[in-house]
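Asker: Got a structure for you, questions after.
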Amino acid sequence: MSTGKRLTYYIEKQGFKKKEFCEKFGFEYNNLVSVMADKRPLGINILNQLHESLPNLNVHWLLYGEGTIEFNSENFQMVAEDPEIYSSNDPFEKTLLKYLEKKSVIEKINEIAKEKDK
361 MSTGKRLTYY IEKQGFKKKE FCEKFGFEYN NLVSVMADKR PLGINILNQL
411 HESLPNLNVH WLLYGEGTIE FNSENFQMVA EDPEIYSSND PFEKTLLKYL
461 EKKSVIEKIN EIAKEKDK
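Residue numbering for the sequence shown follows the working numbering, beginning at 361 and increasing consecutively.
Dropping the structure here:
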């Protein structure tokens with residue numbers, strides 16, 4: 361099944377007629393119908409508009425026909441980010457401070473500073 365056919369299927373599954381769907385969500389009728397008829401490729405602007413209008417639509421399914429048609433609480437998982445990334449406990453900062461504790465590093469920094477003062 362093509363992208364256009366999947367889009368047509370999804371819109372009809374939602375209970376819309378093409379024109380009604382376009383009017384409700386602000387799509388240019390001729391552009392969307394051309395995509396649905398596979399006469400025109402699905403561009404990024406229409407894809408973004410579809411994503412904003414139909415947040416449960418699985419865009420991966422729409423483009424490739426893989427996975428479920430919609431996201432729902434059962435098949436959608438959020439990936440939690442590591443809070444350490446945003447905390448003041450920056451691992452790079454800790455490493456840098458540990459490095460700066462070395463006598464040889466302090467001596468090198470002092471040498472560089474003296475050279476700059478000349």
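C-beta: ideal position from N, C-alpha, C; glycine also.
How is lysine 379 classed by DSSP in three states: helix, strand or coil?
Answerer: The sequence position of residue 379 within the sequence shown is 19, counting from 1. Here lysine 379 sits in helix by DSSP.
Asker: Where does leucine 392 fall in DSSP's three states?
Answerer: The residue labelled residue 392 in the question sits at position 32 within the sequence shown. Here leucine 392 sits in helix by DSSP.
Asker: Going by beta carbon distance, what residues of the same chain come within less than 7 Å of glycine 425, once the five residues before and after it are set aside?
Answerer: Position 65 of the sequence shown, counted from the first residue, corresponds to residue 425. Cβ within range, chain order: Met361, Arg366.
Asker: Just the Cα atoms here: how many angstroms apart are serine 413 and isoleucine 469?
Answerer: Counted from its first residue, the sequence shown places residue 413 at position 53. Counted from its first residue, the sequence shown places residue 469 at position 109. Computed Cα separation, rounded: 57 Å.
Asker: What does the Cβ neighbour count give for valine 465, buried or exposed, with the cut at 16 atoms within 10 Å?
Answerer: By 1-based counting over the sequence shown, the position of residue 465 is 105. The residue is exposed, with fewer than 16 neighbouring Cβ atoms inside 10 Å.
Asker: Leucine 417 bridges to which residues according to DSSP?
Answerer: Looking up residue 417 in the sequence shown gives position 57. DSSP, once it has assigned bridges, lists Glu430 as partnering leucine 417.
Asker: So methionine 396 and lysine 377 are supposed to be a Cβ contact under 8 Å. How far apart are they, rounded?
Answerer: Here the question's residue 396 lines up with position 36 in the sequence shown. Here the question's residue 377 lines up with position 17 in the sequence shown. That belief does not hold up - the Cβ atoms of methionine 396 and lysine 377 are roughly 12 Å apart, past 8 Å.
Asker: Between which two residues does the alpha helix (DSSP H) holding arginine 366 run?
Answerer: For the purposes of this step, residue 366 is taken as residue 6 along the sequence shown, with counting starting at 1. 363-373 is the extent of the alpha helix (DSSP H) around arginine 366.
Asker: In this structure, how does DSSP classify phenylalanine 385 when only helix, strand and coil are distinguished?
Answerer: For this step, residue 385 is matched to residue 25 along the sequence shown. In the structure shown, phenylalanine 385 sits in a helix (DSSP, three-state: H, G or I).
Asker: Excluding the five sequence neighbours on either side, which residues of its own chain have a C-beta within less than 6 Å of the C-beta of arginine 400, listed in chain order?
Answerer: Numbered from its first residue, the sequence shown carries residue 400 at position 40. The beta carbon of arginine 400 is closer than 6 Å to those of Ser394 in its chain, skipping five residues each way along the sequence.
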